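Asks: Note that this note's numbering has the sequence shown beginning at 4, numbered continuously upward.
Before we start, here is the structure in question, set down as structure tokens.
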Amino acid sequence: MITRDDVYHIANLAKIEIDDKEVDDFKEEFQSILEYFNILDEIEEEVEPTFQVLPLNNVFREDVSKKSLPRDEVLKNAKHVEDGYFKGPRIVE
């Protein structure tokens, strides 16, 4: 249980000034926070840690070659083309 003295001590450690009304408000808030910690204390700790929640490992599709558009058809709407490739702006000088 949090007391008024506890709240004043915490305020002193935080280097803040609080009035009597704030002490009562903080007392309730601190007590609520401690109740959450009590709930966390009840959590089962002997659970094996998991990194992946879904049992999926290396889900890949088959790499299948299929017919696509001809190069000229793909490049005809490109703004800049050089030697049959898309040309983008230079990034590194």
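We treat Cβ as the ideally placed atom computed from N, Cα and C, and that holds for glycine.
These numbers were taken from a predicted model, which means no experiment stands behind them.
#1: Looking only at C-alpha atoms, which of N15, A17 and Y11 sits nearest to K24?
#2: Kindly identify the DSSP beta-bridge partner or partners of E85.
#3: Starting from A14, trace the alpha helix (DSSP H) in both directions and tell me its first and last residue.
#4: By how many angstroms is the C-alpha of D8 removed from the C-alpha of E20?
#5: Flag this pair as yes or no: are the beta carbons of I13 and Q34 separated by less than 8 angstroms?
Replies: Checking against the coordinates, here is how it stands:
#1: Y11
#2: Y88
#3: R7 to L16
#4: 14 angstroms
#5: no
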